[in-house]
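In terms of the working numbering, the sequence shown opens at residue 1197 and continues consecutively. Quick reminder that beta carbons are idealized off the backbone N, C-alpha and C, glycines included. These numbers come from a predicted model, not from an experiment. Please read the structure below before turning to the comments.
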Amino acid sequence: MIGYHSRRKKLGRFFSMLLLAIALLIAVFPIYWLIITSFKTSAEVYKKVPTFWPQTFTLEGYQKLAGDHFFRALGNSFVTALTVAAATLLLALPCSYALGRTKFRGSLTVSRSFLFAYLLPAAVMYLPMFIMLSQLGLSNSIRGLMLIYPTLTIPYATWMLVPYLGSIPRELEESAKVDGAGRLRTMVGVIFPLAKPGIVTTFIFCFTMCWGEYMYALVNISTTKYKTFPLVLAGLIKGDVYPWNEIMAGGVITCLPVILIYMVCSKYVIGGLTAGSVKG
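If you want it as structure tokens, here you go:
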């Protein structure tokens, strides 16, 4: 009887590992295909029978990108995403602190309004934002994108940080108050350092939201000098011709900064997601 249960347990573990391996293969295969296609020639990409490894290893796709203003666009995206993510935290943190750690009339309504602003379909804002930037003289510029992207990131960041900041023990705040610290000093010197995992997690998500944003950039940017990388990659498609090796090469390059950020901050990402999900 014991042997039967032991075999059954081993068989269950085997099938669990098999299903896990299959799921992992399905998840990783698109990334693998992205990478190998970036090293194929255009002729090999369009073969009737697909090849699972480049027959002729080439950097053709990467070399063509250099002549398509891709790296300038990559720099535009990086500066925009980094600036917006930093400005978002600068504005969202005080709001989140007020909503998460203080009680005032209408606080629940204000908190929900941030959620509703985040859930508002971005499509309804394309035309109003374009008109606003045109009137301000900021259309067709990186500064214009830096002005409108926070409408996406600030509601998200505020809503995410409220439960995280609210979960920090209030005894710490009371101890700081006994020691003579004011509200601002307590917020900056006590609460925010303890909330570092949630802050880093939110920063990464805000950066990612701006990094690959396409529609606002498409509506507001037309000059090649100010284009972000999604616009340049989309511009590679001319008619029915898809230069897949070049597009995939761009995909590989644009994934690297996000992967690097996640690798460096992985412990904060895990901590922030776990702690932020306890309450709210």
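Going by DSSP, which residues form a beta bridge with residue i?
{"i": "K1434", "result": "V1437"}
With a threshold of 16 other CB atoms inside 10 Å of the CB of residue i, please say whether the residue is buried or exposed.
{"i": "E1370", "result": "exposed"}
{"i": "Y1458", "result": "exposed"}
{"i": "T1305", "result": "exposed"}
{"i": "E1367", "result": "exposed"}
{"i": "V1374", "result": "exposed"}
{"i": "L1289", "result": "buried"}
{"i": "V1437", "result": "exposed"}
{"i": "K1236", "result": "buried"}
{"i": "S1292", "result": "buried"}
{"i": "M1325", "result": "buried"}
{"i": "F1403", "result": "buried"}
{"i": "R1203", "result": "exposed"}
{"i": "L1295", "result": "buried"}
{"i": "F1210", "result": "exposed"}
{"i": "M1213", "result": "exposed"}
{"i": "T1349", "result": "buried"}
{"i": "T1382", "result": "buried"}
{"i": "G1257", "result": "buried"}
{"i": "I1400", "result": "buried"}
{"i": "V1280", "result": "buried"}
{"i": "T1470", "result": "Low confidence applies here, because T1470 scores a pLDDT of 44, under 50, leaving its location unreliable; read the following figure in that light. The residue in question, T1470, is exposed, as its Cβ has fewer than 16 Cβ neighbours within 10 Å."}
{"i": "F1267", "result": "exposed"}
{"i": "A1413", "result": "buried"}
{"i": "T1424", "result": "buried"}
{"i": "L1220", "result": "exposed"}
{"i": "I1218", "result": "exposed"}
{"i": "I1395", "result": "buried"}
{"i": "L1207", "result": "exposed"}
Please name the residue in the options whose C-alpha comes closest to that of residue i.
{"i": "L1427", "options": "T1349, Y1242, G1296, Y1410", "result": "Y1410"}
{"i": "T1252", "options": "A1445, T1233, F1267, L1361", "result": "T1233"}
{"i": "N1272", "options": "L1343, Q1331, Y1422, P1346", "result": "Y1422"}
{"i": "P1393", "options": "K1373, G1408, S1363", "result": "S1363"}
{"i": "R1297", "options": "P1359, E1256, A1413", "result": "P1359"}
{"i": "Y1314", "options": "L1255, M1325, P1351", "result": "P1351"}
{"i": "A1353", "options": "A1262, W1440, L1285", "result": "L1285"}
{"i": "I1443", "options": "R1203, A1262, V1454, R1209", "result": "A1262"}
{"i": "T1254", "options": "A1445, L1452, I1455, L1361", "result": "A1445"}
{"i": "L1361", "options": "Y1228, A1391, T1347", "result": "A1391"}
{"i": "Q1259", "options": "K1206, F1300, S1238, L1221", "result": "S1238"}
{"i": "W1229", "options": "K1243, P1317, P1250", "result": "P1250"}
{"i": "A1282", "options": "P1346, G1208, L1334, P1317", "result": "P1346"}
{"i": "G1333", "options": "A1372, I1417, F1267, K1243", "result": "I1417"}
{"i": "L1287", "options": "R1301, F1310, F1300, I1327", "result": "F1310"}
{"i": "F1225", "options": "L1207, K1244, F1248, K1206", "result": "F1248"}
{"i": "K1415", "options": "I1433, S1330, G1376", "result": "Lys is not the amino acid found at residue 1415; the sequence shown has Val there. Among I1433, S1330, G1376, the Cα nearest to that of V1415 is on S1330."}
{"i": "G1408", "options": "I1227, V1245, L1452, L1216", "result": "L1452"}
Just confirm the distance between the C-beta atoms of residue i and residue j, as a whole number of angstroms; I'd bet it's less than 8 Å.
{"i": "T1398", "j": "M1342", "result": "T1398 to M1342, Cβ: 18 Å. No contact."}
{"i": "V1241", "j": "W1440", "result": "5 Å"}
{"i": "T1450", "j": "L1270", "result": "7 Å"}
{"i": "A1277", "j": "C1406", "result": "4 Å"}
{"i": "V1448", "j": "I1231", "result": "6 Å"}
{"i": "L1432", "j": "D1264", "result": "7 Å"}
Practice prompt. Kindly confirm or deny that the stretch 1327 to 1338 and the stretch 1382 to 1392 touch, where touching means at least three C-beta pairs closer than 8 Å.
Written response: no
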